[in-house]
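The structure under discussion appears below in the form of structure tokens.
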Ligand SMILES: NC(=O)c1ccc[n+]([C@@H]2O[C@H](COP(=O)([O-])OP(=O)(O)OC[C@H]3O[C@@H](n4cnc5c(N)ncnc54)[C@H](OP(=O)(O)O)[C@@H]3O)[C@@H](O)[C@H]2O)c1
């Protein structure tokens with residue numbers, strides 16, 4: 006049992022009974038492990054993804070623990086689906102205690118979504134931005150928002166033109182930009198929440214390079230098979246280890262008053278200089294609202 010996320014994070018004694026958690030992208034990988042760990046700690050959990058059969062299997066595991074669990078299908082490339090997910094959460098609870106913005110991936114082929122936005126940026130950043138905006142009033146006053154970014158956010162700047170183009174598309178470059186957007190978003194959200202009279206935290210994290218999640222299915226050629234081989238090596242980061250930082254940020258009393266930070270291995274780390282740039286955080290926040298044609302969320306807390 007010592008290899009479970011809650012044990013790795015040292016939060017196995019935390020009691021989340023009566024709490025409501027939404028973990029996006031919890032049909033597989035890091036999200037699935039996070040959802041199950043939060044369930045073992047006592048939380049009721051909404052499971053999300055596109056794969057209904059995989060979602061039902063996670064719900065069954067949570068129900069077997071005695072938790073109230075439900076699956077909501079939503080394709081993150083669809084604005085309507087994301088709004089539907091938010092509506093389902095609002096039906097489910099008035100007080101969302103934990104929001105894990107985890108769904109995402111690396112996508113090989115360059116394409117634009119219905120909004121005219123590059124697919125990776127839309128799925129990995131715009132969708133959780135919209136979901137969070139839609140759920141602001143549903144979050145408990147001491148809620149925790151946890152965003153799964155990646156160490157891949159390093160070594161790239163946010164190229165605002167590339168967000169609406171797939172000319173000379175590189176899947177990894179697009180992924181890097183989207184993961185940088187995750188840190189910029191999480192930090193900007195924390196600053197804006199700081200200016201409210203609520204105690205909602207927002208932190209981002211890098212789960213590690215984890216060949217054992219479903220992530221490698223997006224990679225070309227022989228890479229998925231190579232990843233499966235790597236997963237058997239003892240020095241590899243396991244999916245449970247990857248989920249441990251999410252579970253720590255969602256449940257640990259150690260981070261009660263921590264917001265606007267970036268973590269790896271359950272410890273705060275410095276994100277890249279590009280991720281810390283306030284002007285880019287502000288521009289991303291405003292441009293995301295423009296792309297979605299919504300009012301700027303938390304506009305009163307503008308930095
Ligand atoms: N594995 C790594 O090495 C690694 C490293 C750094 C960061 N991360 C991040 O960790 C997060 C989880 O990835 P993972 O490694 O656990 O991979 P995974 O096993 O493939 O899980 C990805 C999850 O995201 C969901 N998802 C993907 N595209 C979606 C879409 N268009 N609409 C709705 N849901 C979608 C999937 O649900 P369905 O399949 O049901 O649609 C699945 O539940 C991602 O944000 C990823 O960027 C992973």
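Numbering (this note's numbering), first residue to last: 6 to 308.
Note that the Cβ used here is the ideal one computed from N, Cα and C, for glycine as well.
Short of 6 Å from the beta carbon of residue 135, and not among the five residues preceding or following it, lie these beta carbons of its own chain, in chain order: 87 and 297. The beta carbon of residue 93 lies closer than 7 Å to those of 77 in the same chain, with the five residues before and after it left out. For residue 152, the enclosing beta strand (DSSP E) covers residues 144–153. Of all alpha-carbon atoms in 140, 107, 284 and 144, the one lying nearest the alpha-carbon of residue 165 is that of 284.
Between the segment 51–59 and the segment 262–272 there are fewer than three inter-stretch CB-CB distances shorter than 8 Å, so the stretches are not counted as touching.
At least one heavy atom of ligand 1 sits closer than 7 Å to the Cβ of residue 220.
Contact between residue 84 and residue 75 is absent: CB atoms are separated by about 22 Å, not below the 8 Å threshold.
Under the DSSP definition of a beta bridge, residue 267 partners with 209 and 274.
Beyond the five residues adjoining it in sequence on each side, residue 17 comes within less than 7 Å, by CB distance, of 11 in the same chain, given in chain order.
Beta-bridge partners assigned by DSSP to residue 25: 49. Cβ-Cβ separation between residue 264 and residue 35: approximately 21 Å, too far for a contact (criterion under 8 Å).
A residue is called buried once 16 or more other Cβ atoms fall within 10 Å of its Cβ, and residue 173, having fewer, is exposed. If you draw a straight line from the Cα of residue 51 to the Cα of residue 43, it is about 11 Å long. 255 is the residue among 299, 100, 120 and 255 whose C-alpha sits nearest the C-alpha of residue 15. A contact between stretches requires three or more CB pairs, one per stretch, nearer than 8 Å, and the segment 139–155 meets this requirement with the segment 104–120. Here residue 46 is buried, its C-beta having at least 16 other C-beta atoms within 10 Å. Three or more beta-carbon pairs drawn from the segment 198–216 and the segment 138–148 are found closer than 8 Å, and the two stretches are therefore classed as touching. Counting the other CB atoms within 10 Å of its CB gives residue 250 a total of 16 or more, which places it among the buried residues. Not a single heavy atom of ligand 1 lies less than 7 Å from the C-beta of residue 192. The three-state reading of DSSP puts residue 162 in coil, since its state is none of H, G, I, E or B.
Taking all protein chains in view, the Cβ of residue 137 is crowded by 16 or more other Cβ atoms within 10 Å, so the residue is classified as buried. Here residue 112 carries a coil assignment [DSSP, helix/strand/coil].
For residue 106, the three-state secondary structure derived from DSSP is strand. Rounded to whole angstroms, the separation of the alpha carbons of residue 171 and residue 262 is 40 Å. Residue 247 carries a helical assignment under DSSP once its states are collapsed to helix, strand and coil. Contact between residue 289 and residue 126 does not hold, since their C-beta atoms are separated by about 10 Å, which reaches or exceeds 8 Å. Ranked by how close their Cα comes to the Cα of residue 54, the residues 69, 231, 48 and 37 have 37 in first place.
Assignment of residue 137 by DSSP, reduced to helix, strand and coil, places it in the helix class.
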